[in-house]
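**Q**
Residue numbers (the numbering used here): 294 to 386.
Given below as C-alpha cells:
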C-alpha cells in the first residue's frame, strides 16, 4: 500500500488523508477517500483502484457533505456499505 501512495504522490502531488467510506456491489469495492493536494483538497471515489469520480474543493466540510451525497446515490444503485468489524476485546475477570 505504501508503494501506491508513493506513486500517487509522484504522479499528482497528492497525499491520501484517509478513507471516508467503502461500499461493495457484485464483487467490486468502492472507496471514497479524502486527498490533500498542495493547495486544496480532493474527494476521490475509486472502484477496485480505478478512479470513478472526483471533486476538488477548499472547504473540507463541503467535501464531507458531497461524500455523503455520493454514498447515498451509490446506495440507490445497489451498492452496500462495508462496515468494519468491531475490534475484539479481552475480558479480564
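Backbone N, C-alpha and C fix where the C-beta goes; we use that ideal spot for every residue, glycine too.
Residue 310 lies in the beta strand (DSSP E); which residues open and close that run?
**A** Note, residue 310: beta strand (DSSP E), 308 to 318.
**Q** For residue 363, report the span of its alpha helix (DSSP H) as first-last.
**A** Unbroken alpha helix (DSSP H) run through residue 363: 353 to 369.
**Q** How would you call residue 356, buried or exposed, if buried means at least 16 neighbouring beta carbons within 10 angstroms?
**A** Label assigned to residue 356: buried.
**Q** Are there 16 or more other CB atoms within 10 angstroms of the CB of residue 330, so buried, or fewer, so exposed?
**A** With fewer than 16 other Cβ atoms within 10 Å, it is exposed.
**Q** Start and end of the beta strand (DSSP E) containing residue 336?
**A** Unbroken beta strand (DSSP E) run through residue 336: 334 to 340.
**Q** Residue 372 and residue 333 look like a contact to me (Cβ under 8 Å); what is the Cβ gap, rounded to whole Å?
**A** Incorrect: roughly 27 Å between the Cβ atoms, too far for contact.
**Q** Could you give the first and the last residue of the continuous beta strand (DSSP E) run that contains residue 322?
**A** Run containing residue 322: 321 to 329, per the beta strand (DSSP E) assignment.
**Q** Relative to the C-alpha of residue 351, which residue among 339, 360, 343 and 335 is closest?
**A** Considering only alpha carbons, the answer is 335.
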